[in-house]
C-alpha cells in the first residue's frame, strides 16, 4: 500500500503513526512547502508523539497534547505561549490532513483552544548607535556557530535593512540577489516566507557592495550565509551583543535576539516617518493593523508635530486664501 492510499479510517488505525507522517510529508511537499517548513512541522509533531509514546491514531488526544504543551511551558527554559500554539498548530494540521485524507472521521484536536498570547511588544529594538557598535565589534570578533565575525556582521546588517526573519535569511542563495542592476535587490521566495508571500527588497549601495564581495566565490545555488539552526540564532546574536557591551534586556522585560533585528527595522522606518502602508509592504505584514500595533508611535512630541502639519483653520489663514466669508469652525 502506498503512503497516500488507504481504504477508510479503520484501515488507517491499523497503520503506525510513522506511516501517516510519511503521507503527510508527501502532502506538504505537494503543496509547495519549503524543506524547512516541513522539517519544523514534522519535528514538532514527532516530539509530542515520542513524549507520549503514541503509536496509533487513537493515541492522539487533546488531553495529551495539552499536557505536553503545559510541560514545555513550565520547564526551566520553557517555551512561550506563541511557540506552544505553533506546536499545537503543527499537530492540528496533521490531524486535519488525516480527516481530509479519510484516515480519521474527525480531528481529536478540534476542541483544543490556543493559549492567549500577550500582545505587548516583547522585542527591544536597537538604537542606530548600538547597531553601529554591534556591527563593528562583531566584524572583528571570533567565529561563532561556524560563522566568521565578518559574515555575522553582514548578516545582521541585512536583517536590519530588509526586515527578513532568520528563516528567510537562511533560505537565501546567491541567485536571490540581483546586485548588478541600477537598484540592487534581494528577493525572498514565497515558499521560504512565513506569510507565503514573495518579496523583493532594494538594497543600500554599500550593503550591495559588501554582499558582492561576500558572494563572489559562491555558486548560484549555494546558500548566501552559513547560518546555524534557527534555535541557535538568538544565542549567536546575544553573544555578540554581550561582546559589544550592549544590554540584551530592559526594565520592561523586553529582549534582544535575532528577531529584535527585524523589529529594529520596523521601528526605524516608523521613527523616520515612513507611511504605515509602506512599512507593511516592507515587513510583509498580513494586515495594516499588525503594522500599526507594533510600530506606530503616539508620544506627545510626535502628536504635536503631526497636528502642526494640518491646515490652519484660523481667520488669518482663511483671509490669506481669499475665503473671508467661509464659516469659522
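In the numbering used here, the protein residues as written are 545 to 873. We put the CB at the ideal spot given by N, CA and C, even for glycine.
Within the stretch 718-775, the beta strand (DSSP E) runs of at least 3 residues that lie entirely inside it are, in chain order, 729-732 and 743-746.
With contacts defined by Cβ atoms closer than 8 Å, residue 640 and residue 659 do not form a contacting pair.
Take residue 809, set aside five residues on each side of it, and the residues of its chain with a beta-carbon closer than 6 Å to its own are 704 and 707, in chain order. The three-state secondary structure of residue 666, taken from DSSP, is coil.
Under the three-pair Cβ rule at 8 Å, the stretch 753-761 counts as touching the stretch 683-701.
Annotated three-state conformation of residue 647 is coil, per DSSP. In this structure, the alpha-carbon of residue 688 lies about 49 Å from that of residue 649. Between the stretch 598-606 and the stretch 566-581, the count of Cβ pairs shorter than 8 Å is below three; the stretches do not touch. Inclusion of residue 752 and residue 717 in the CB contact set at 8 Å is not warranted, their separation being larger than that value. Excluding residues up to 5 positions away in sequence, 690, 691 and 695 lie with their Cβ nearer than 8 Å to the Cβ of residue 770 in the same chain.
Counting other Cβ atoms within 10 Å of its Cβ, residue 773 stays below 16 and is therefore classed as exposed. Contact annotation: residue 605 and residue 652 have beta-carbon atoms nearer than 8 Å. According to the DSSP assignment, residue 803 belongs to the alpha helix (DSSP H) that extends over 802-815. Separation of the CB atoms of residue 720 and residue 731 is rounded to 5 Å, and the pair is thereby assigned contact status at 8 Å.
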